[in-house]
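Here the structure comes first, spelled out in structure tokens, and everything after it is commentary.
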Amino acid sequence: MSAMPSIPAIEVQALGKRFGDFAAVSNVSFAVERGEILGFLGPNGAGKSTVIRLLCGLLRPTSGRITVDGIDVGRDPEAVRRRIGYMSQKFSLYSDLSVLENLQFFGGVYGVPRQAIGERIQDALRMAGLAGHADTPVHALAGGWKQRLALGCAILHRPRVLVLDEPTSGVDPLSRRRFWDLIHDLAADGVTVLVSTHHMDEAEYCNRVALIDRGRIVALDTPANIRRRALDGELVEVRGTPLGRLLEALAAYPPVRDAAVFGNAVHALLARAADEAPALAAYLAGRGIGEVAVARIEPTLEDAFVRMIGRQAQGAGGAA
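Heads up: the sequence shown runs through residues -14 to 305, numbered per this note's numbering.
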């Protein structure tokens, strides 16, 4: 007798949310398996936080259905909230209370059994790297420690699903890396993690990534597959001065399929970088671009995202 298929930890079907005439979320569907880390990746205003608030039962959808741990969010949002841990980009800690007092408070809010609260607080202190700092006021903590403490508070009740909304916003790179180590430890223990971010590099830490733009999912796959499928060619980094004229020249050069500014350089898409890069460098020099340098690079998720959004915009323009 074959085993019954497991129910996804999170399942979203044709989700929509409108605020008046504005569609913040449009026909979004996805599922997250147990123990999986799914990243919601996109610019500010793309709809990531709206989806998360709908998932947590903090907003009611205009259309569609969400289940978390097998429970319909629309029918029983309180039961769902008891099963999830939630952490927002704005820390919900009480700054005037100590580290220990915050943990005790959130343990009470989440209904942690009295006989278990002491051990769980000690676990949270160790996880956050705050053992020996229980009496420190939260306002005296550095941003990375506040972040890890907030995560410790969110998992005191041992949730099966962890929802993180821009949790590393404004945190230094080293603290972000340590935070992601904690997330991977939780996922290894079977916790399902849904995390939104606009840091493209963080998506590499996820099992799968949903790229979101204007309230729609434009891609949902592993980071490697998204990079591979988004770019129909090879990527080169082009440097030259002035940058604005460089971009204009690249956009006018027929072999360049796409070009976008990344920092103080331009990423350009060619059919075959090895064959076309020398001619491209000569073309740019002939157009008065100084200090020209062209080098083949591996695409990032940001490259893939820019390419996909460009395609979508072209399609919308053609349909108009």
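Cβ atoms here follow ideal geometry from the backbone N, Cα and C, with glycine treated the same way.
From which residue to which residue does the alpha helix (DSSP H) around residue i run?
{"i": "A172", "result": "P158 to A173"}
{"i": "Y268", "result": "A258 to G271"}
{"i": "M185", "result": "Premise fails: M185 is in no alpha helix (DSSP H) and is neither H nor E."}
{"i": "D108", "result": "R99 to A113"}
{"i": "V84", "result": "V84 to V94"}
Quick check: residue i and residue j, are their CB atoms within less than 8 Å of each other?
{"i": "Y95", "j": "H169", "result": "no"}
{"i": "V180", "j": "L136", "result": "no"}
{"i": "V212", "j": "D243", "result": "Note that residue 212 corresponds to Arg in the displayed sequence, not to Val. No, Cβ-Cβ distance for R212 and D243 is not below 8 Å."}
{"i": "V178", "j": "L134", "result": "no"}
{"i": "A(-1)", "j": "E18", "result": "no"}
{"i": "E219", "j": "L265", "result": "no"}
{"i": "N12", "j": "G1", "result": "yes"}
{"i": "R317", "j": "A236", "result": "This structure leaves residue 317 out entirely; the chain is present only between -14 and 305."}
{"i": "F332", "j": "L196", "result": "Outside the displayed range of the chain (-14 to 305) lies residue 332, so it cannot be described from this structure."}
{"i": "G27", "j": "A9", "result": "no"}
{"i": "G20", "j": "T182", "result": "no"}
{"i": "I282", "j": "V203", "result": "no"}
{"i": "A35", "j": "L44", "result": "Per the sequence shown, residue 35 should be read as Thr rather than Ala. Yes, the Cβ-Cβ distance between T35 and L44 is below 8 Å."}
{"i": "L205", "j": "R193", "result": "yes"}
{"i": "L65", "j": "G92", "result": "Strictly speaking, residue 65 in this sequence is Val, with Leu absent from that position. No, Cβ-Cβ distance for V65 and G92 is not below 8 Å."}
{"i": "A101", "j": "L88", "result": "no"}
{"i": "V97", "j": "Q132", "result": "no"}
{"i": "I106", "j": "L126", "result": "no"}
{"i": "A253", "j": "V241", "result": "yes"}
{"i": "H184", "j": "T153", "result": "yes"}
Where does residue i land, buried or exposed, given buried means 16+ other C-beta within 10 angstroms?
{"i": "L286", "result": "buried"}
{"i": "N249", "result": "exposed"}
{"i": "G303", "result": "With a pLDDT of 44 at G303, under the threshold of 50, the modelled position of that residue is not reliable, and no figure is offered here."}
{"i": "D288", "result": "buried"}
{"i": "D166", "result": "exposed"}
{"i": "V123", "result": "buried"}
{"i": "V246", "result": "exposed"}
{"i": "M(-11)", "result": "No answer about M(-11) holds up, because its pLDDT of 48 lies below 50 and its placement is not dependable."}
{"i": "F4", "result": "exposed"}
{"i": "D54", "result": "buried"}
{"i": "R38", "result": "buried"}
{"i": "R99", "result": "exposed"}
{"i": "S14", "result": "exposed"}
{"i": "F7", "result": "exposed"}
{"i": "V(-3)", "result": "buried"}
{"i": "P263", "result": "exposed"}
{"i": "G48", "result": "Before going further, note that residue 48 is Ser rather than Gly in the sequence given. With fewer than 16 Cβ atoms within 10 Å of its Cβ, S48 is classed as exposed."}
{"i": "G200", "result": "buried"}
{"i": "M(-14)", "result": "Note that M(-14) scores 46 on pLDDT, short of 50, meaning its location in the model is unreliable; the coordinates nonetheless yield the value given after this. M(-14) is exposed by the Cβ-count criterion."}
{"i": "P239", "result": "exposed"}
{"i": "D81", "result": "exposed"}
{"i": "E151", "result": "buried"}
What first and last residue would you give for the beta strand (DSSP E) that runs through residue i?
{"i": "L23", "result": "I22 to L26"}
{"i": "R193", "result": "R193 to D198"}
{"i": "N12", "result": "F7 to V17"}
{"i": "T226", "result": "E219 to T226"}
{"i": "I202", "result": "R201 to D206"}
{"i": "V251", "result": "A250 to L255"}
{"i": "Q(-2)", "result": "I(-5) to F4"}
{"i": "S34", "result": "Looking at the DSSP string, S34 is not in any beta strand (DSSP E); the run it does join, the alpha helix (DSSP H), is K33 to L40."}
{"i": "R67", "result": "Counting along the chain, R67 falls outside any beta strand (DSSP E), though it belongs to the alpha helix (DSSP H) covering P62 to R68."}
{"i": "S77", "result": "It is not in any beta strand (DSSP E) - S77 carries neither H nor E in the DSSP assignment."}
{"i": "V279", "result": "G275 to I282"}
{"i": "V53", "result": "S48 to V53"}
{"i": "A244", "result": "D243 to F247"}
Is residue i close to chain B, meaning its C-beta is less than 8 Å from at least one C-beta of that chain?
{"i": "A266", "result": "Included in the structure is just one protein chain, with no chain B present."}
Using 8 Å for Cβ pairs, my map puts residue i next to residue j. What's the rounded Cβ distance?
{"i": "P208", "j": "A188", "result": "6 Å"}
{"i": "I140", "j": "G70", "result": "5 Å"}
{"i": "R230", "j": "I274", "result": "6 Å"}
{"i": "S83", "j": "A119", "result": "7 Å"}
{"i": "G128", "j": "S160", "result": "7 Å"}
{"i": "R68", "j": "P144", "result": "6 Å"}
{"i": "V355", "j": "L232", "result": "Residue 355 is absent from the model: the chain starts at -14 and stops at 305."}
{"i": "I22", "j": "C191", "result": "5 Å"}
ask   = Where are the beta strand (DSSP E) runs, 3 residues long or more, that stay fully inside the region 117 to 155, in chain order?
value = Those beta strand (DSSP E) runs which fall completely within the region 117 to 155 and span 3+ residues are 146 to 150.
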